[in-house]
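K.L.:
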Amino acid sequence: MIADRIAVMFNGRIHQLAAPQEIYHRPHTWMVAEFVGLTNFIEGKVVGQEDQLLVVDTALGTLRCGGLAPVTDAKPERLIAVRPEAIQLSGRSGGGTSGAGDDVPGPRGADPTVNRLRGVVRARAFLGNLVDYRVEVASGVVLRVQGDPHAPFAVGDPVDAAFQPRATWSVPAREERVS
Numbered sequence: 018m019i020a021d022r023i024a025v026m027f028n029g030r031i032h033q034l035a036a037p038q039e040i041y042h043r044p045h046t047w048m049v050a051e052f053v054g055l056t057n058f059i060e061g062k063v064v065g066q067e068d069q070l071l072v073v074d075t076a077l078g079t080l081r082c083g084g085l086a087p088v089t090d091a092k093p094e095r096l097i098a099v100r101p102e103a104i105q106l107s108g109r110s111g112g113g114t115s116g117a118g119d120d121v122p123g124p125r126g127a128d129p130t131v132n133r134l135r136g137v138v139r140a141r142a143f144l145g146n147l148v149d150y151r152v153e154v155a156s157g158v159v160l161r162v163q164g165d166p167h168a169p170f171a172v173g174d175p176v177d178a179a180f181q182p183r184a185t186w187s188v189p190a191r192e193e194r195v196s
């Protein structure tokens, strides 16, 4: 290990000072998240809290988020952030993307503790130790997913993309720049 604490700066100001693992797994802003690795951002509005999780309405449905960052009633707009390696793909029969009319009972499917989205593989790139997928889940929203290089998913395959709420975190919406 080169350092036990890292400062991430933008425009001469420190945005986060923490251990490398905390900066990667719990960045305070979207800028820090993008700086330290690949991140999927899902826009939403916080509508509540349940079992130490944020409840967030998004274009993809209501999702649960593990990062309990401070949220004000005046600014409930947040980004749910999830790393590509935290999303698990599984096969399903039938086509289409998530949304009304699909036969999954909501974005968590049969397991209420997991965020689950229906999607279609739109791109696949073999990178040696992993495969980098682009999965369209709804309304043109594309998630980046990284997984097992032996996975059988091809472009056009219908899939479920699932991620645990505790593998996500919440950051202020992009309009709210932290200084």
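Residue numbers (the numbering used here): 18 to 196. Virtual Cβ for every residue (Gly too), placed ideally from N, Cα, C. Everything numeric in this text was worked out from a predicted model, so none of it was measured.
1) Between which two residues does the alpha helix (DSSP H) containing Phe143 stretch?
2) May I have the straight-line CA-CA distance separating Ala140 from Phe27, to the nearest angstrom?
3) So, using beta-carbon positions, are Val73 and Gly136 closer together than 8 angstroms?
4) Nearest to Phe143 by CA position, among Gly84, His167, Arg191, Trp47, is which residue?
5) Distance, Cα to Cα, Val148 vs Gly29?
6) Taking 8 angstroms as the threshold, find out whether the region 169 to 183 comes into contact with the region 36 to 54 through three or more Cβ pairs.
7) Can you grab the Cα-Cα spacing for the pair Phe7 / Arg22, in whole Å?
8) Could you check whether Val99 and Ala184 sit closer than 8 angstroms to each other, using their CB atoms as the reference points?
9) Quick one: what's got a C-beta closer than 8 angstroms to Ser187's C-beta in the same chain, skipping five residues either side?
10) Considering only the beta carbon of each residue, do Arg13 and Trp47 sit closer than 8 angstroms?
11) Which whole-angstrom value is the C-beta distance of Asp165 and Gly108, which I expect to be below 8 angstroms?
12) Let me know the alpha helix (DSSP H) ranges lying completely inside the region 26 to 95, each 4 residues or longer, listed in chain order.
13) Do Leu55 and Pro93 come within 8 angstroms of each other at the CB atom, strictly closer than that value?
14) The ligand GTP heavy atoms versus the CB of Ala142: any closer than 7 angstroms?
15) By Cβ distance, which residues of its chain are closer than 7 angstroms to Val138, with the 5 residues on each side in sequence left out?
16) Using the Cα positions of Asp68 and Asn146, report the straight-line distance between them to the nearest angstrom.
17) Distance, Cα to Cα, Ile31 vs Ala20?
P.N.:
Result, derived from the coordinates:
1) Here residue 143 refers to the residue found at position 126 of the sequence shown. That residue, Phe143, is in no alpha helix (DSSP H); its beta strand (DSSP E) goes 132 to 143.
2) Taking the sequence shown and counting its residues from 1, the one referred to as residue 140 is at position 123. Taking the sequence shown and counting its residues from 1, the one referred to as residue 27 is at position 10. Straight-line Cα distance between these residues: approximately 33 angstroms.
3) Counting from 1 along the sequence shown, the entry for residue 73 is found at position 56. Counting from 1 along the sequence shown, the entry for residue 136 is found at position 119. No, they are not a contact pair.
4) Within the sequence shown, numbered from 1, the residue matching residue 143 stands at position 126. Proximity to Phe143 across Gly84, His167, Arg191, Trp47 peaks at His167, based on C-alpha coordinates.
5) As a position in the sequence shown, residue 148 is number 131, starting the count at 1. As a position in the sequence shown, residue 29 is number 12, starting the count at 1. Straight-line Cα distance between these residues: approximately 37 angstroms.
6) No, the region 169 to 183 does not touch the region 36 to 54.
7) There is simply no residue 7 to check, as the chain begins at 18 and stops at 196 in what is shown.
8) Residue numbering aside, residue 184 sits at position 167 when the sequence shown is read from its first letter. Residue numbering aside, residue 99 sits at position 82 when the sequence shown is read from its first letter. In this structure, Val99 lies closer than 8 angstroms to Ala184 by Cβ.
9) Here residue 187 is taken as the residue at index 170 of the sequence shown, counted from 1. Cβ neighbours of Ser187 beyond the five flanking positions: Val63, Leu71, Val73, Cys82, Gly84, Leu85, Ala86, Val88, Arg95, Leu96, Ile97, Ala98.
10) A question about residue 13 goes unanswered here, because the residues of the chain that appear run from 18 up to 196.
11) Position 148 of the sequence shown holds residue 165. Position 91 of the sequence shown holds residue 108. Not a contact, Cβ separation roughly 13 angstroms.
12) Taken in chain order, the unbroken stretches of alpha helix (DSSP H) that lie wholly in the region 26 to 95 and span 4 residues or more are 37 to 42, 47 to 53.
13) The residue you call residue 93 lines up with position 76 of the sequence shown. The residue you call residue 55 lines up with position 38 of the sequence shown. No, Cβ-Cβ distance for Pro93 and Leu55 is not below 8 angstroms.
14) As for the ligand GTP, it is missing from this structure, which has no ligand bound.
15) Numbered from its first residue, the sequence shown carries residue 138 at position 121. Closer than 7 angstroms at the Cβ level, and outside the excluded window around Val138, lie Tyr150, Val152, Phe170, Ala171, Val172, Gly173, Asp174, Val176.
16) Along the sequence shown, read from residue 1 onward, the residue named residue 68 stands at position 51. Along the sequence shown, read from residue 1 onward, the residue named residue 146 stands at position 129. Computed Cα separation, rounded: 36 angstroms.
17) Reading the sequence shown from its first residue, position 14 is the one you call residue 31. Reading the sequence shown from its first residue, position 3 is the one you call residue 20. Their backbone Cα atoms lie some 16 angstroms apart in a straight line.
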